[in-house]
Structure formats: structure tokens, C-alpha cells
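In order, the protein sequence lines correspond to chains Z and U.
Residue numbers for the first sequence follow this note's numbering, beginning at 1 and rising by one.
Residue numbers for the second sequence follow this note's numbering, beginning at 489 and rising by one.
The beta-carbon is built from N, C-alpha and C at its ideal position, and this holds for glycine as well.
Let me begin by presenting the structure, written as C-alpha cells, before commenting on it.
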Amino acid sequence: MSGAECESDMDCSGSDCGDAGYEDYYSTQPWDGEIDNDINFDKQKQDPEYAVYECLRVDEVERLLNENVEFLTTNLQITPSLAKLFLHAHEWDLQDILLKYQDNTSNIMIDSKIILSHSVDPLFNMKFLKGNLCSVCFLTFPTERFSTLNCGHSFCNDCWCAYFETQILQGVSTGIRCMANSCSILAPEDFVLSLLIKPIMRERYQQFVFRDYVKSHPQLRFCPGPNCQIVIRSKELRSKRVICSICKTVFCFRCGMDYHAPTDCDTIKKWLTKCADDSETANYISAHTKDCPKCHICIEKNGGCNHMQCYNCKHDFCWMCLGDWKTHGSEYYECSRYKENPNIAHESVHAQAREALKKYLHYYERWENHSKSLKLEEQTLEEIKLRIQKKVMNASGTWIDWQHLFEAASLLARCRYTLQYTYPYAYYMEAGPRKELFEYQQAQLEAEIENLSWKIERAETTDRGDLENQMDIAEKRRITLLKDFLEV
Amino acid sequence: MAALPRRIIKETQRLMQEPVPGISAVPDDTNARYFHVIVTGPEDSPFEGGLFKLELFLPEDYPMSAPKVRFITKIYHPNIDRLGRICLDILKDKWSPALQIRTVLLSIQALLSAPNPDDPLANDVAELWKVNESEAIRNAKEWTRRYAMDN
Numbered sequence: 001m002s003g004a005e006c007e008s009d010m011d012c013s014g015s016d017c018g019d020a021g022y023e024d025y026y027s028t029q030p031w032d033g034e035i036d037n038d039i040n041f042d043k044q045k046q047d048p049e050y051a052v053y054e055c056l057r058v059d060e061v062e063r064l065l066n067e068n069v070e071f072l073t074t075n076l077q078i079t080p081s082l083a084k085l086f087l088h089a090h091e092w093d094l095q096d097i098l099l100k101y102q103d104n105t106s107n108i109m110i111d112s113k114i115i116l117s118h119s120v121d122p123l124f125n126m127k128f129l130k131g132n133l134c135s136v137c138f139l140t141f142p143t144e145r146f147s148t149l150n151c152g153h154s155f156c157n158d159c160w161c162a163y164f165e166t167q168i169l170q171g172v173s174t175g176i177r178c179m180a181n182s183c184s185i186l187a188p189e190d191f192v193l194s195l196l197i198k199p200i201m202r203e204r205y206q207q208f209v210f211r212d213y214v215k216s217h218p219q220l221r222f223c224p225g226p227n228c229q230i231v232i233r234s235k236e237l238r239s240k241r242v243i244c245s246i247c248k249t250v251f252c253f254r255c256g257m258d259y260h261a262p263t264d265c266d267t268i269k270k271w272l273t274k275c276a277d278d279s280e281t282a283n284y285i286s287a288h289t290k291d292c293p294k295c296h297i298c299i300e301k302n303g304g305c306n307h308m309q310c311y312n313c314k315h316d317f318c319w320m321c322l323g324d325w326k327t328h329g330s331e332y333y334e335c336s337r338y339k340e341n342p343n344i345a346h347e348s349v350h351a352q353a354r355e356a357l358k359k360y361l362h363y364y365e366r367w368e369n370h371s372k373s374l375k376l377e378e379q380t381l382e383e384i385k386l387r388i389q390k391k392v393m394n395a396s397g398t399w400i401d402w403q404h405l406f407e408a409a410s411l412l413a414r415c416r417y418t419l420q421y422t423y424p425y426a427y428y429m430e431a432g433p434r435k436e437l438f439e440y441q442q443a444q445l446e447a448e449i450e451n452l453s454w455k456i457e458r459a460e461t462t463d464r465g466d467l468e469n470q471m472d473i474a475e476k477r478r479i480t481l482l483k484d485f486l487e488v
Numbered sequence: 489m490a491a492l493p494r495r496i497i498k499e500t501q502r503l504m505q506e507p508v509p510g511i512s513a514v515p516d517d518t519n520a521r522y523f524h525v526i527v528t529g530p531e532d533s534p535f536e537g538g539l540f541k542l543e544l545f546l547p548e549d550y551p552m553s554a555p556k557v558r559f560i561t562k563i564y565h566p567n568i569d570r571l572g573r574i575c576l577d578i579l580k581d582k583w584s585p586a587l588q589i590r591t592v593l594l595s596i597q598a599l600l601s602a603p604n605p606d607d608p609l610a611n612d613v614a615e616l617w618k619v620n621e622s623e624a625i626r627n628a629k630e631w632t633r634r635y636a637m638d639n
């Protein structure tokens, strides 16, 4: 099963923009099986988030892996088990294996832990096998009840079986080694299966082997969705946004975490670890209420938009910095920017620590706030649905007339998601002209997003053309920022 | 309780008949899988002259799984923590069913002769062992004298 065959959802211009619902933003993916590299390159230039991948079921992945195995068995005249050991040890790189095999067969056998580079200590088997004594259970058996790996270490079949069961219960499968002390030879699949008796153990072994194969394959990733069986395949290992066609989980193909553009995989990991470590310090921020900066009435934020208007005194202000909203629309919008203390190097250690915390909290507050806004805007979407229903019932327009509100909401979610992930990026950026440019673009994006959110929440009083214009501006800001700063 | 596997019976017999020099391992009267172990501190190590008590337990799936071993006597060593737990590869991922109680105890004795502060379990001890080895060795001798020499 391949991903949905639909147009890139980024091909937005004017009123065509955001032709998908909120859910669909992450689910519609441009997929084209054998797309030309040129076309690929073109789309990449237009849309920095463009990704090519497919969603595979378990049986499709098995077929794909088996094709590789068959290729090696026919080309090298080896058993499937041996082919699998080569493939697993060489990240499924067929060309690499062929070259190495032709170049020096025994070297690749040693590297893949199939044979030893030296012959086995002759004393080992002489000591025990003379009396048909198994050195693990100390029992004697007829010779045919013993099995031996390529290394020459021989043990009784019962011990091999018990050993495999213990290993499998610990989650080991492709990594099962010979039982002899410090012998690194791996037990091939056919060897394990010839000695494992219990059907449940055989089944579990095969499941674990499959899991290991997918994990060792650079083009394959398990969908991280709960209980999801889908495997995503992409030919390039990049931090691209992928969406599981079954459970709809969105994640970064490279690291498997939530998608995080424009921040890269290492940085987002660092950031999330930091946030988890510092959660106690940052906890106080999670309060949902603030006082109006003008009339000091207590306000609970129940929408995603950060452009607040006090219901009491009608003062317009920014929820983040509590500054007057009037200064936010302009070029001098500086709410997103953190102003570092230029003399910090000369301050005391204590002051520097306080400054470091202040800086972190600045970015954390904004990161957390946009994450909350995203959730609140999901509620707004529900309200929009009700509002549309009411309008249709009152015969003020048809269902189709109001569809653009859904498009606006999905575009808003996409923009705010990117905005949220600009904060960890900015936190780890070094001061300089590039950071200034980034923060300028971030501020512009933020301003347009809040404008859009404001307009969507009040959709009855704004006209459609105005809203669509705002959608276009916000998406253009987002794409501009990604084009300049997203490195995949 | 299931009958004791031949392997454990044989190993126990051999431990009693041909004991390893410097090591004694005696099974408990009530549990043949639980051993009372005494290891003497190796010569030319800061643990020389000490008698270190350990406990060793053979789990149900021994020898497919490694024995569980722990120091009972307090010891100042970078690979042994305050609870007596030991950081030794053959007790973890490098375990092989072909290893035996005697080989495990020999490896532990060897660990006393050659501490490995680059793979630490007790971080503060390992740190001192790296930055000021002579002080660490003084501490180890002091602990040996205080905890491992009074019977």
C-alpha cells in the first residue's frame, strides 16, 4: 500500500491554499513511487518539507526483505540464512556485500561473524567430546545429539535450545552468539530454528528477527504510533515529516520523534531532555491565567490566539509579553526575541546562572505557549463546526460557502506547529547576524499567525477575501523561514 | 523445589574437592543455589591481607543466565558500588553458559588486582582513581584494614 496519491499540500497560492482539513494537513503526502530526481529536486526547491516515502504493511516489508535475500542466494549461491547474516551486518547494502564477497570471501565471513579468523582451540572439543560430555549441562549424549556452529564449539541440542529460549526471552534474536566463552560467532536463523522446539518460541524468535531487520535497514522505520504495525520506507535518511497512512502519527523519519522543523534532530533531543529536566523550574508557567495589564482583571486564556482583548476594558495586549498589541503588528515586533545581557561575561557566576535560567524560560514559555495554543485552536475548530451548522440551518449560506474556515484552521495549525519548533532552534543559535535574521523572520511569522488566529476566531465579522489573504501571508512567511533555515 | 541439575551438583563437588587458591565458596545449608563466598585480597593490590565476603546465587535458568554475585564486605573499588554490586562484563552481556562459578570468582579476584576506572560503577571512587591514584589506593587500603581484616 502506498501513501495517498495526492498533490503536495504545500502547493499553495491564494485561494487554493490549505485544501485539507486540520487532520489532513499531516496526512496528505506527496507520494510518487519512481519519481525522477529532477522533479524531486524541483519540488524540494519549492517546498523545503517535500518528502518521498511509502507506508508498508508487514507482509510488504517481508517481501521487500526477501527480495534482497533471494538476490544474494542466487548471485552468490549461498543459503538464505547466510544471506541474512550478511545483509544484517552490512545494513542491507547489496552492492557493498557483492563487492566485498568477490574481493575476499573469507574476510566478509569473518566480519559478519560467520567464521572465526583463527581456528578453534582444539583442546575445547577434545576435553569434552571424547566422552560425549556437554560442557554446559555436564551430561553425556550420543554424538548425533550434539550440534556445532562454524566455530567448531559443540554442545548438546537440549542446551542449545534452553540457551536460545533464554536469549529470546531477553529480546535477543539476530545477536544470539555461540555458547562458548568469548566466542563471537553468530547463530544463523536456520541453526536456531532447527533446535528451537516450542512453537511460541519459534514465533517470537521470528518476530524479533523481523524487528531487528527493520531496525538495521536504513530505509525502513517502524511507525512510532501505539500498536501500529506500519513500516515507513524512504530512500533518503533525512529529518523529513512523514505520516503513517493508518494511525496518522506524524513523525520525523530520521529520529522517529515528533516532527520538529526547523530544528534538527540532535537539537530537539537536547531541548526536550532539557525541558524534562527543568520541568519543575518551569512549572509555574503552566498557570492558565494572567491579569490584564491595564485593568488587572483576571483573564483565563481559552483560545489559541495570543492577541488578547480584555473583555472588561477592551485593552488589546499580547498574552506572551503582556505588551500593548499595537506595537506587535509592526516591524519592531520583538516579543519573540530574547535580549541577552551584553555584559554578562563580567557578572558573577550567580548572576550568570540566573541569566541562563531567564534565557531558557523565555524560550520555554513561548514553546509551551504555542503548544497550548495548538490544543486550544483544536477546540476552536470544533466551535467553528457548530457555528457553520447554525449558519447553514439559518440559511445564511451553504455548507460549501463556509468550507474556507476549515482550510484556514488547518493552515493555522500547520503554521503554529512550525512556529512552536522555531523556539528550540533559536535557543541553541549563536548570537550573530544569522540569529538576527532568524528572529526577524520568526517575529514576522508569529505576528501573521496571531493575525490569522484572531480573524478565524471572529470569522463572522471578517470577510472571506481578507481571511484568505491572511492565510496566504502566514503560509508564505512559514515557507520563507523554512527555506532559509531548514537543513535536512 | 525442582531437583538440582547435574551441572550444579558437579560444580559444587569440584569446588569442595579442588578449591581455587584464595577463594572459598560453600553452599548454604538450606539452599544449594546460594553460596557463601570468601575472596582473599590479591597480593600487591591495595586489598592485600583482606578477606572479602560475597554472596553468590544461581538463578533458576543457570547456566543459561549468569549467577548473581554481590560483595557483602564494604570495599573501596571503582567497579563495585556502595551496595556491593559489581560491574563485570561476564556477569552481564558477556556471560557464556560455558563459564562456571569458579571462573566467575577468579574474574572477580582479577578485578581486585586490576581496577578499571574507565568503566565505573562507583563514580566518586573512579573519579579519584583517575585524578589522584595514590590517594585512591590509600583509601582502598584504609577500607581494607577497617572492614576486611576484623574477622
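query                                                                                                                                                                      : result
Taking only beta carbons into account, state which residues of the stretch 591–615 of chain U come closer than 7 Å to chain Z, listed in chain order.                      : none
Chain U beta carbons: is any one of them nearer than 9 Å to that of V136 (chain Z)?                                                                                        : yes
Contact defined as beta carbons within less than 8 Å: I believe A65 (chain Z) pairs with A83 (chain Z). What is the distance between those atoms, to the nearest angstrom? : It is worth fixing the name first, because residue 65 (chain Z) is Leu in this sequence and not Ala. About 10 Å separates the two Cβ atoms, so there is no contact after all.
In angstroms, rounded to a whole number, what distance separates the CA positions of G538 (chain U) and T632 (chain U)?                                                    : 6 Å
Using three-state DSSP, classify H565 (chain U) as helix, strand or coil.                                                                                                  : strand
Note down, in chain order, every chain Z residue with its Cβ under 8 Å from the Cβ of S553 (chain U).                                                                      : T166
Express the C-alpha separation of A261 (chain Z) and C252 (chain Z) in angstroms, rounding to a whole number.                                                              : 9 Å
Any residues in the stretch 496–507 of chain U with a beta carbon nearer than 7 Å to a beta carbon of chain Z? Which ones, in chain order?                                 : K498
Quick one: grab the DSSP three-state call for L482 (chain Z).                                                                                                              : helix
In the DSSP assignment, what residue or residues form a beta bridge with D324 (chain Z)?                                                                                   : Z:F317
Counting contacts by CB-CB distance shorter than 9 Å, is N181 (chain Z) in contact with chain U?                                                                           : yes
Secondary structure at M308 (chain Z), three-state DSSP: helix, strand or coil?                                                                                            : strand
Measuring alpha carbon to alpha carbon, tell me which residue in Z:L419, Z:S147, Z:Y363, Z:I176 is nearest E340 (chain Z).                                                 : Z:Y363
Considering only heavy atoms of the ligand MN, does any lie closer than 8 Å to the CB of V508 (chain U)?                                                                   : The model depicted lacks the ligand MN and carries no ligand whatsoever.
May I ask you to verify whether the stretch 445–458 of chain Z touches the stretch 412–427 of chain Z, counting CB pairs closer than 8 Å and requiring at least 3?         : yes
If the criterion is Cβ atoms closer than 9 Å, does the pair E543 (chain U) and Y522 (chain U) meet it?                                                                     : yes
Is DSSP giving F491 (chain Z) helix, strand or coil here?                                                                                                                  : Given a span of 1 to 488 for chain Z in the structure shown, any question on residue 491 (chain Z) remains unanswerable.
If L419 (chain Z) and H370 (chain Z) are in contact, beta carbons under 8 Å, what's the gap, nearest whole angstrom?                                                       : 6 Å
Can you check which of these residues, Z:C321, Z:G225, Z:L237, Z:C228, is closest to P218 (chain Z) by C-alpha distance?                                                   : Z:L237
Could you tell me whether the Cβ atoms of L195 (chain Z) and G152 (chain Z) are closer together than 9 Å?                                                                  : no
Below 9 Å on C-beta distance, what does C159 (chain Z) contact in chain U?                                                                                                 : P551, M552, P585
Whose Cβ in chain Z lies nearer than 8 Å to the Cβ of R494 (chain U)?                                                                                                      : C137, F138, L139
Is the separation between the beta-carbon of T174 (chain Z) and that of D212 (chain Z) shorter than 9 Å?                                                                   : yes
Just to make sure I have the definition right: I need the residues of chain U whose C-beta is within less than 8 Å of the C-beta of A162 (chain Z). Which are they?        : D549, M552
Can you tell which of Z:V392, Z:S135, Z:C183 has the C-alpha that lies nearest to the C-alpha of I114 (chain Z)?                                                           : Z:C183
Tell me whether V557 (chain U) sits in a helix, a strand or coil according to DSSP, three-state version.                                                                   : strand
Looking only at its own chain, which residues have a Cβ that is under 8 Å from the Cβ of W583 (chain U), when we skip the five neighbours before and after it?             : S553, A554
Only counting the same chain, and skipping five residues up and downstream in sequence, which positions put a Cβ closer than 8 Å to that of I496 (chain U)?                : A520, R521, L546, Y550
Please state if the CB of D532 (chain U) and the CB of H524 (chain U) are separated by a distance shorter than 9 Å.                                                        : no
Within 9 Å of any Cβ in chain U, is that where the Cβ of F222 (chain Z) sits?                                                                                              : no
Would you say F155 (chain Z) reaches chain U, if we count a Cβ-Cβ gap shorter than 9 Å as a contact?                                                                       : yes
Spell out whether any CB of chain U is found under 9 Å from the CB atom of Y22 (chain Z).                                                                                  : For Y22 (chain Z), the predicted structure reports a pLDDT of 44, less than 50, and the residue's modelled location is therefore unreliable. A value from the coordinates is still provided. By this cut-off, Y22 (chain Z) is not an interface position.
Cβ of K582 (chain U) less than 9 Å from any chain Z Cβ?                                                                                                                    : yes
Got a sec? Which residues, its chain only, sit under 6 Å from P534 (chain U) by beta carbon, not counting five neighbours each side?                                       : I625, A628, K629
What would DSSP say about E378 (chain Z), mapped onto helix, strand or coil?                                                                                               : helix
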